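Take the sequence shown: its letters are residues 111 to 421, numbered as in our numbering.
Glycine included, each C-beta is placed from N, C-alpha and C at the ideal position.
Everything numeric in this text was worked out from a predicted model, so none of it was measured.
Below is one structure, written out as structure tokens; comments come after it.
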Amino acid sequence: MDAGERVIEFIGRTGPVVPVQVGKFLGVDTIFASAHLSELASRKKLLISHLKIGGGSPLYYLSQQKAELQRFSSNLSEKEQRTYELLKEKKVLRESVLSPLQQVVIRDIKDFAVPLEITFNGVKEVFWKWYLADDQEADALIREILMPQEQKNARPVEEEEAKIPEHAQAARGEDEQEPGAEAGSSGEGTDDAGREEEDAQGQKRQPSGDEFLDEVYGYFSKLNIKVKDEQVIRKAGDAEFVVLIPSAVGELRYFCKAKKKARINEGDLSSAFIESQSRKLPTLFLTTGKLTKKAEEMLAREFRGMQVRPL
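Written out as structure tokens, the structure reads:
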């Protein structure tokens, strides 16, 4: 067993270490011990902490030992300790509600705080996640922060589902489609592909040259959906709208996400849901693809107000 393997085995038994501990174990001075540790880190065998211990040495540890870094949190400054404890308790913190000092400090506790960038209405916002919280837990907590309390206690009238054709549930994995039932597909949709569409004011809309965007507007036209706002995130594949959907109780305002992608995952649904909650609107998700199994499960369990339809 060479020195590197011995060091890894030693850290596996001991937990995160500083170079002086490894030096004593190998019987070498700290400089040689640091060299061994740096070489292992460069080969991705070990991780190095931002936290400094004692005289300024970082910790070296195995990837499965991340949770053990908490044992060394006493080495944080008093201000860092307070922010560390707050993040550990809340699991997710919204940067915009932190004090200026906390915003600075949370960037200094890199071992324990993971930045997440969320986009609302075209504006990016930063959240900080406790490093041991998984992405699904963080997503749920962010939705909790963004969703006003009154929306949790009562569903507003806008959340009455508009009568969007149920055959569109094919987006969840069913392959069959009714001829002529979908906008931008077979039947009439093909004959009308090049025609002008009407915008929200009833005026004629010229084809944009973006096939995907024209397909979305074809869908809207078929179902008499009016577009109040449009933002192209990525040409020929990703767009967001605010739309008015006709229903038995009048026109309902929805946030609509349209995405050209073969497989829609839970992250795609989560991003659309968070954006819709920031606007206090229900969600319509249009896609050319199908949902992954995990996305289907999350749609049934956590995004019950979201309607997913195929293009």
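- The C-beta distance from N375 to K404 rounds to 7 Å, short enough to meet the 8 Å contact threshold.
- In terms of CA proximity to E412, I252 leads the group A372, I252, T140.
- Apart from sequence neighbours up to five positions away, the residues of its chain that approach D221 with a beta-carbon distance below 6 Å are S159, H160, L161, L179, ordered along the chain.
- Per DSSP, reduced to three states, the secondary structure at V130 is helical.
- By the criterion of a C-beta distance shorter than 6 Å, E340 is surrounded in its chain by F351, once the five residues flanking it on both sides are discounted.
- Counting along the chain, D348 sits inside no alpha helix (DSSP H); it lies in the beta strand (DSSP E) bounded by residues 348 to 355.
- In the three-state reduction of the DSSP assignment, P420 falls in the strand class.
- DSSP places L196 within a helical segment (H, G or I) once states are collapsed to three.
- Here DSSP, grouped into helix, strand and coil, assigns D112 to coil.
- Rounded to the nearest angstrom, the gap between the Cα atoms of L354 and L394 is 11 Å.
- CA-CA distance, I384 to Y327, rounds to 24 Å.
- The Cβ atoms of L203 and Q387 do not sit closer than 8 Å to each other.
- Here V214 is exposed. Its C-beta has fewer than 16 other C-beta atoms within 10 Å.
- Rounded to the nearest whole angstrom, the C-alpha separation of L147 and K154 is 11 Å.
- With fewer than 16 other beta carbons inside 10 angstroms of its own, L211 counts as exposed.
- C366 and A248 have their C-alpha atoms roughly 23 Å apart.
- In terms of Cβ geometry, T193 and I216 form a close pair [threshold 8 Å].
- Bridge pairing for K162: P168 [DSSP].
- Beta-carbon to beta-carbon, L323 and V342 are separated by about 7 Å, close enough to satisfy the 8 Å threshold.
- Excluding residues up to 5 positions away in sequence, V128, I158, S159, H160, L161, K162 lie with their Cβ nearer than 8 Å to the Cβ of P168 in the same chain.
- F322 carries a helical assignment under DSSP once its states are collapsed to helix, strand and coil.
- DSSP places F395 inside the beta strand (DSSP E), whose first and last residues are 393 to 397.
- Annotated three-state conformation of D378 is helix, per DSSP.
- Secondary structure at I343: strand, using DSSP grouped into helix, strand and coil.
- Taking the Cα of K239 as reference, the smallest distance to any Cα among K200, V132, D218, L136 is reached at K200.
- As DSSP reads the structure, K369 sits in a beta bridge with D348, T397.
- Rounded to whole angstroms, the gap between the alpha carbons of A372 and G114 is 45 Å.
- Cβ atoms of L421 and L379 stay farther apart than 8 Å, at about 16 Å.
- L242 places its beta carbon less than 8 Å from that of K176.
- A check of alpha carbon separations from F182 across G125, T229, F142, E227 identifies G125 as the nearest.
- Ranked by Cα distance from R363, the options T140, A382, P392 are led by P392.
- One alpha carbon belongs to R419, the other to Y170, and they sit about 49 Å apart.
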